[in-house]
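Residue numbers (UniProt numbering): 1 to 1184.
We put the CB at the ideal spot given by N, CA and C, even for glycine.
What follows is a single structure, written as structure tokens, with notes after it.
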């Protein structure tokens, strides 16, 4: 398959960066070899009505558009299949637009595949990719970066030149955004496009740039117009995109919206564009009405008055105001990452402020401390008065943005005009309004040369914001041609711009030679009474500009007309003739010996003066007149370049000297009216003898705004539709609501009129009518609020219910006495306590209990559960409330004895706790409680149940139950205590029985007991046997067994004795013969035949007792073996040491090294062993 490139693509490729060209050539080669899958992902597009078009991917966003056709071979003239590449699209979102704008027409020599013929065509056995892509087995191969790349390029270009593509089509079919200035002008002429809307070749090129775009241009260069055209391109490609056009100046917003709607290709089906001022955007974020915003707005005079009360020069006041607004309050701390919006403060911290580079600040470093102190005082004053300036509103918006989850409020694209008027914080707000997946759909236009009153703007601000977000940072595109004024007029601001550049300011250069129209050279005249007399006459197309608002206000009053503005007020406006009236022109030129701080301060003052003149001079369309007495030292008007751009006149001969006609006044009135300059518009209408418009404009300009009906209508009659439209669409709010209703009804805007009428009804106390309106509009929440004001509780509750405002509905139902509905709605609002109270009113205790429980009101919940005899739940609630006694009683009623005992115990109700624990058979807890209650008898009974004999004996002893105490002590083998208790009980026989148990010579003690008391009782005999009393004489043992009632054992022992076995060893031998090893071992122990006893215990695997017997027999090796089997490692080592005295020291050292800890018994054994070892080692082992 062959490849052909269009002439357009063949010219594009050499101009592309090398890596971009490599990617495109690699994709072309894959198509040539039919590797349609993998990296290129070829697919057929379906949006072209006739010609079949395919796309191939060459990067994440880039696409190649190509078609298939047949060319005759150069030599054989046989048909050859060719893939013809038309263009490269660098943003895949623009592919549909490219399909519509490319005609894809070809010479007759090439045969093309049409869209409906793809499946039927097979040329020379070729098949073509469809959707999805074919050849799924293809793998991506690296296109070699060698000289062959250039060979491929030359071959493609040579082949393409043989078959040039046709790019012509009838002019009426050309889309408005077709590239090429000639075609654009043909289209503009056919559509009667105004001259100011016709784009230049440079602007058309910029129109095709993918977003984001930074657009840099001087005043009058068409930045706004180009931005609106680019907005239309975006809407053409994505009609559903939500877009916003934002700028700082309300007059410019109105002008841009008007201009947008005059464009003949404005899409009718696209989502409407939001044209907003920056203040409107912030108010939308904060959900503030215009009235609320005006009420919170700080007066401009606050900062002005604060600075005027300080001993500052005029220059310092200007610089400090700029510093406070744009830097201290307008910037955010320098970081490498994006700060959370909630971490941005009202003012910079002192540390963050001091870290800012010197060139970012409006004041020199030595004055930063004073500026920061004034800023904190100013911020404190605003806070005390609950005012917010523009920077505070930006901070509030940034704090509010993370709380907004409504993504429908975000935009797909934002066009930000006059960006130099915004501070860094304000830029952050606009950036945050973009959808997360559209973060780079931005177009920013601005002119850093026009920065007045300090926004701190420089293109570094948006660049830094892009860099922090890891976005690709675009370079600003600069427009140099101004279309507003003539070449002679533009030479003055151009000369001022050159001076600004010399003062190290950011400047956008002008090119006066490319101006569209010519005009007179600016003239300078000295001020005198005759000049003031001419200027005081007031002309509609003459604008007098002064340095500040105070001077403008005083001149307006003195001259009696409103056409005197400060330079800052005139930003965004233009006039035929502009007069620069007594602007400060002194420039500082410090010597080389001046300090760096002095030089920096002078440079900032010079920048301020030059920017003031630059902005003023660029407002003119036809002429500029300067009224000034140049400063004797270093005046701007004596500077090189500026002096050559201005003609000095001795006699004032104004260009506008002819008398203005009514038509001129009316034309200028419409201009001022459209720019919402109502005072100026009223004067123009008065001179044009239009009383109705004069009255209406004066009424809007009046801050008090008297009632329209009383003051205006009697003099002009009813408004026309045009007047009503203007009044309603102006940015000044109409506070006379009945008048606004009438104006809306004049325009047949009944829906809006009804809404305003409802507002008026609400404001005048006619709440019922307003509520009915809001109910009909399905605004049930508002209707409910109004019914609530009327104390119409049931309708209010119904409205709140429909609005799903459950809490308000519940309160209204409660006021109406509808307890069940109130409870239901309180429950939906998760107001559990209130819902429970309503349930108690209905005696719905089973429902009220869980609700009180959810709200944490445990006692109320327990009360409800008691009413329903839900004792366990009531007890749980009392327990949560730490009402232990009540909880215990409830648990006892629920027969949860252990929990009852626990809570009685917490309440220190020991007797009741003991009873409950006893019922739960928790004997130890019961015994403890009885003992705390002083009931030792019951406590002893409980402890005896769990064989805690010592404790039981102590309890019985406290209760003086001596016999029980003695028996318990005897069970615990606490013989001294047992003897003492038996003595207190008056039981001498039992006392002597205890001595028998503890005596070393058991036989002697037993005989003494016999001789003293004679025959023993059965209980005493059993007691002696139970405590292992063993007599050496078998006949006495037999008698003791008979006396204890153990006749069977006594008879068996008697038989052995009668058989001649008169010793315990002989009896044991008999049991061994019968293989009864355990019984034999016991009797061997009684005979102290330890070795034989150990052997018998080993036969029954009783290793513990076997070890003990070997120990007594001092057979250490066997004892060590038993200890090993029992896992008693320490005893094993000790026995081995006794068995091998020669190795004793080594064994003991190993034990010491391993950190073995010995028991008291093992220490005594070791000390008594008499090892011949080092005393230090012996001491170390026994002391570890």
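Residues bridged to residue i (per DSSP)
{"i": "residue 1020", "result": "Bridge partners of residue 1020: none, in fact."}
{"i": "residue 565", "result": "545"}
{"i": "residue 276", "result": "246"}
{"i": "residue 55", "result": "43 and 65"}
{"i": "residue 1195", "result": "Outside the shown range of the chain (1 to 1184) lies residue 1195, about which nothing can therefore be said."}
{"i": "residue 649", "result": "525"}
{"i": "residue 579", "result": "544 and 625"}
{"i": "residue 87", "result": "65"}
{"i": "residue 856", "result": "In DSSP, residue 856 forms no bridge with anything."}
{"i": "residue 416", "result": "246 and 444"}
{"i": "residue 388", "result": "297"}
{"i": "residue 213", "result": "443"}
Neighbourhood of residue i by C-beta, 6 Å cutoff - its chain only, sequence neighbours within 5 removed
{"i": "residue 523", "result": "625, 647 and 649"}
{"i": "residue 432", "result": "401"}
{"i": "residue 937", "result": "959 and 961"}
{"i": "residue 930", "result": "914, 938 and 939"}
{"i": "residue 377", "result": "none"}
{"i": "residue 828", "result": "806"}
{"i": "residue 858", "result": "877, 880 and 881"}
Residue i, DSSP secondary structure in three states
{"i": "residue 370", "result": "helix"}
{"i": "residue 872", "result": "helix"}
{"i": "residue 16", "result": "coil"}
{"i": "residue 67", "result": "strand"}
{"i": "residue 281", "result": "helix"}
{"i": "residue 927", "result": "helix"}
{"i": "residue 289", "result": "coil"}
{"i": "residue 269", "result": "coil"}
{"i": "residue 49", "result": "Confidence in residue 49 is poor, its pLDDT being 43 and thus under 50, which makes the residue's placement too unreliable to answer from."}
{"i": "residue 143", "result": "With a pLDDT of 28 at residue 143, under the threshold of 50, the predicted position of this residue should be treated as unreliable, though the coordinate-derived value follows. DSSP places residue 143 in coil when its eight states are reduced to three."}
{"i": "residue 24", "result": "helix"}
{"i": "residue 849", "result": "helix"}
{"i": "residue 2", "result": "strand"}
{"i": "residue 586", "result": "strand"}
{"i": "residue 593", "result": "coil"}
Other residues of its chain near residue i: CB distance less than 8 Å, five sequence neighbours each side excluded
{"i": "residue 328", "result": "347, 348, 353, 371, 372 and 375"}
{"i": "residue 475", "result": "214"}
{"i": "residue 252", "result": "224, 417, 418 and 572"}
{"i": "residue 622", "result": "485, 486, 489, 519, 520, 576, 577 and 655"}
Length of the line joining the Cα atoms of residue i and residue j
{"i": "residue 604", "j": "residue 94", "result": "45 Å"}
{"i": "residue 65", "j": "residue 235", "result": "22 Å"}
{"i": "residue 1160", "j": "residue 1172", "result": "21 Å"}
{"i": "residue 1187", "j": "residue 877", "result": "Residue 1187 is absent from the model: the chain starts at 1 and stops at 1184."}
{"i": "residue 1018", "j": "residue 1045", "result": "7 Å"}
{"i": "residue 313", "j": "residue 423", "result": "25 Å"}
{"i": "residue 279", "j": "residue 247", "result": "9 Å"}
{"i": "residue 787", "j": "residue 810", "result": "14 Å"}
{"i": "residue 472", "j": "residue 463", "result": "9 Å"}
{"i": "residue 243", "j": "residue 535", "result": "44 Å"}
{"i": "residue 662", "j": "residue 756", "result": "37 Å"}
{"i": "residue 1147", "j": "residue 948", "result": "41 Å"}
7 Å CB neighbourhood of residue i in its chain, flanking five on each side removed
{"i": "residue 1093", "result": "1081, 1084, 1085 and 1109"}
{"i": "residue 19", "result": "none"}
Neighbour flag for residue i against chain B, beta carbons, 8 Å
{"i": "residue 1108", "result": "Within the model displayed, chain B is absent; a lone protein chain is all it includes."}
Any chance you could list the beta strand (DSSP E) runs of at least 3 consecutive residues sitting entirely within the stretch 893–917, in chain order?
-> none
Minimum length 4: unbroken alpha helix (DSSP H) runs contained in the stretch 449–501 | 460–468
Considering only residues of the stretch 317–364, which uninterrupted alpha helix (DSSP H) runs meet the minimum length of 4 residues and lie entirely inside it, listed in chain order?
-> 350–354
Can you check the stretch 1086–1122 for any alpha helix (DSSP H) of at least 4 residues that lies completely inside it and give the ranges in chain order?
-> 1090–1099 and 1103–1113
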